[in-house]
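Under the working numbering, the residue at position 33 of the sequence shown is numbered 366, and the numbers go up by one with no gaps.
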Amino acid sequence: MRAGKSFHIVLIFMLLLGVTVQGFSANSDSLPPADTIKIHEGRLTGVILTEGTLYLASLTGLYFAWYKDYPQSRFHFFNDNNEWMQMDKIGHATTSFYVSRIGYESYRWAGVDENKSVWFGGLFGFAYLLNIEILDGFSKGWGFSVGDFLSNTSGCVLFMGQQWIWKEQRFVLKYSYHHTKYSALRPDLLGSNLLQNTFKDYNGQSYWLSGNIHSFLPARSRFPRWLNVAFGYGAEGMTGANQNTVNREIQDFTRYRKFYLSLDVDLTRIKTRSKTLRSVFVLLNFIKIPFPALEYNTLGKFRFHPVYF
Numbered sequence: 334m335r336a337g338k339s340f341h342i343v344l345i346f347m348l349l350l351g352v353t354v355q356g357f358s359a360n361s362d363s364l365p366p367a368d369t370i371k372i373h374e375g376r377l378t379g380v381i382l383t384e385g386t387l388y389l390a391s392l393t394g395l396y397f398a399w400y401k402d403y404p405q406s407r408f409h410f411f412n413d414n415n416e417w418m419q420m421d422k423i424g425h426a427t428t429s430f431y432v433s434r435i436g437y438e439s440y441r442w443a444g445v446d447e448n449k450s451v452w453f454g455g456l457f458g459f460a461y462l463l464n465i466e467i468l469d470g471f472s473k474g475w476g477f478s479v480g481d482f483l484s485n486t487s488g489c490v491l492f493m494g495q496q497w498i499w500k501e502q503r504f505v506l507k508y509s510y511h512h513t514k515y516s517a518l519r520p521d522l523l524g525s526n527l528l529q530n531t532f533k534d535y536n537g538q539s540y541w542l543s544g545n546i547h548s549f550l551p552a553r554s555r556f557p558r559w560l561n562v563a564f565g566y567g568a569e570g571m572t573g574a575n576q577n578t579v580n581r582e583i584q585d586f587t588r589y590r591k592f593y594l595s596l597d598v599d600l601t602r603i604k605t606r607s608k609t610l611r612s613v614f615v616l617l618n619f620i621k622i623p624f625p626a627l628e629y630n631t632l633g634k635f636r637f638h639p640v641y642f
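As structure tokens, then:
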């Protein structure tokens, strides 16, 4: 039951926060200059109240949805680094990256200066994911995962480091999903419907490091500002966390890793006068746009996908 738990809940939190706060930021004519010290008190109050409310509400919901009916214990650690071929770890990093980014842009929208917004946003993402690990630590069925903690931290650091160095996000983490045959074999673990599959079936998930090409070119370059190159990671053949479940109904599968090279679109770099469309672009930018992709897997095979998602 551990599969997909944290990423599922935090992704919902991320989207809710994005709709209520970052959507406002996208609809504003522009963010304040990087060195601004003019605080919009009404906006800042709204940001703090919204973040605080959703923070508490989502953690409360997480407790009642996942922990309430399971035995509690003394705080303890749990080593899950070998589970799901580390797909869940990349999911944690992706989630913390976006929670940090949403926090940062919310504070910038409220007029908080650049450096403080980076710190507040990054620490917000770090603290939220840390609380989930602490809840795990007191649950007898799970435990505090150092691997998850390090993954959460890496997502925050990726966001904060780029913002300090470049004042923008040239590399973003993205997610994609396609349906697989494995979920029907283990619906209890991999999900019993499409929505659950997208969160729980790591066989169909891919995570991407999507880098913007134009941001490394001279400012006068006419190269499309929105076109990215994306490096992806996935895994397949998993019907169990550490090893596959095999019985009369479920055959054994070879577990293997997949690496991808593809193109992508940074939706937030597409120019549009529509405030609504800008909001939609911001909220959907965590999804990898389908493109042709070249795959290399640990079975030693190359495979070309005309369109991969």
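Idealized CB from N, CA, C, for every residue including glycine.
Return the CA-CA distance between residue i and residue j, expressed in angstroms with no decimal places.
{"i": "I622", "j": "H511", "result": "13 Å"}
{"i": "V451", "j": "L518", "result": "44 Å"}
{"i": "V445", "j": "F482", "result": "28 Å"}
{"i": "E582", "j": "G565", "result": "32 Å"}
{"i": "E628", "j": "I381", "result": "43 Å"}
{"i": "N577", "j": "Q538", "result": "18 Å"}
{"i": "A359", "j": "F614", "result": "With a pLDDT of 49 at A359, under the threshold of 50, the modelled position of this residue cannot be trusted; read the value that follows with caution. Distance between the alpha carbons of A359 and F614: 9 Å."}
{"i": "S361", "j": "G455", "result": "With a pLDDT of only 48 at S361, under 50, the local geometry of the prediction cannot be trusted, and the value read off the model is given with reservation. Approximately 22 Å between the Cα atoms of the pair."}
{"i": "F637", "j": "A626", "result": "6 Å"}
{"i": "F459", "j": "I467", "result": "12 Å"}
{"i": "K422", "j": "Y400", "result": "21 Å"}
{"i": "Y535", "j": "K634", "result": "20 Å"}
{"i": "I719", "j": "F556", "result": "The chain is shown only over 334 to 642; residue 719 falls outside these bounds and no answer can be derived."}
{"i": "S525", "j": "V562", "result": "34 Å"}
{"i": "A390", "j": "F457", "result": "15 Å"}
{"i": "Y396", "j": "N618", "result": "29 Å"}
{"i": "S612", "j": "L600", "result": "10 Å"}
{"i": "N448", "j": "I498", "result": "11 Å"}
{"i": "D585", "j": "L392", "result": "37 Å"}
{"i": "G394", "j": "K604", "result": "38 Å"}
{"i": "T383", "j": "V579", "result": "46 Å"}
{"i": "L528", "j": "N412", "result": "28 Å"}
{"i": "M420", "j": "N414", "result": "10 Å"}
{"i": "L387", "j": "I620", "result": "22 Å"}
{"i": "P639", "j": "Y440", "result": "41 Å"}
{"i": "G379", "j": "Q495", "result": "27 Å"}
{"i": "I465", "j": "L616", "result": "23 Å"}
{"i": "R335", "j": "E374", "result": "Bear in mind that the predicted position of R335 carries a pLDDT of just 48, short of 50, making it unreliable; the figure below should be weighed with that in mind. Looking at the two C-alpha atoms, the distance is approximately 41 Å."}
{"i": "F471", "j": "M493", "result": "30 Å"}
{"i": "T513", "j": "S554", "result": "41 Å"}
{"i": "Y641", "j": "A552", "result": "31 Å"}
I believe residue i touches residue j by the beta-carbon criterion, under 8 Å. Please report the beta-carbon distance rounded to the nearest angstrom.
{"i": "G488", "j": "S433", "result": "7 Å"}
{"i": "S543", "j": "D597", "result": "4 Å"}
{"i": "Y593", "j": "T631", "result": "Incorrect: roughly 13 Å between the Cβ atoms, too far for contact."}
{"i": "R503", "j": "R558", "result": "Incorrect: roughly 12 Å between the Cβ atoms, too far for contact."}
{"i": "L523", "j": "N530", "result": "7 Å"}
{"i": "L462", "j": "T428", "result": "7 Å"}
{"i": "A485", "j": "H547", "result": "Residue identity check: residue 485 is Asn in the sequence provided, not Ala. Incorrect: roughly 30 Å between the Cβ atoms, too far for contact."}
{"i": "R376", "j": "W442", "result": "6 Å"}
{"i": "F430", "j": "L491", "result": "6 Å"}
{"i": "Y403", "j": "K473", "result": "7 Å"}
{"i": "K312", "j": "G567", "result": "Outside the displayed span of the chain (334 to 642) sits residue 312, for which this structure offers no information."}
{"i": "F549", "j": "S595", "result": "At roughly 18 Å, the Cβ-Cβ gap does not stay under 8 Å, so F549 and S595 are not in contact."}
Closest Cβ-Cβ distance between residue i and chain D: below 9 Å?
{"i": "W452", "result": "Absent from the structure is chain D; it holds one protein chain and no more."}
Along the alpha helix (DSSP H) that carries residue i, what are the first and last residues, could you check?
{"i": "Q529", "result": "527 to 533"}
{"i": "G444", "result": "Here G444 belongs to no alpha helix (DSSP H), and DSSP marks it neither H nor E."}
{"i": "L377", "result": "374 to 395"}
{"i": "N485", "result": "479 to 499"}
{"i": "Y515", "result": "515 to 518"}
Could you spell out the range, first to last residue, of the beta strand (DSSP E) harbouring residue i?
{"i": "L596", "result": "589 to 598"}
{"i": "F635", "result": "635 to 641"}
{"i": "F504", "result": "504 to 510"}
{"i": "F625", "result": "Before going on, a small fix: residue 625 reads as Pro here, not Phe. Start and end: 624 to 630."}
{"i": "F619", "result": "Unbroken run through F619: none, as it is neither H nor E."}
{"i": "F564", "result": "560 to 569"}
{"i": "Q584", "result": "From DSSP, Q584 is part of no beta strand (DSSP E); its letter is neither H nor E."}
{"i": "Q419", "result": "Counting along the chain, Q419 falls outside any beta strand (DSSP E), and DSSP gives it neither H nor E."}
{"i": "L542", "result": "538 to 545"}
Counting pairs of Cβ atoms below 8 Å between the segment 429 to 446 and the segment 399 to 410, do you hit three or more? no
Do three or more CB pairs link the segment 602 to 611 to the segment 567 to 579 at distances below 8 Å? no
Would you check if the segment 497 to 508 and the segment 529 to 544 touch, i.e. whether three or more CB-CB distances between them fall below 8 Å? yes
Between the segment 471 to 485 and the segment 514 to 534, can you find at least three pairs of beta-carbon atoms closer than 8 Å? no
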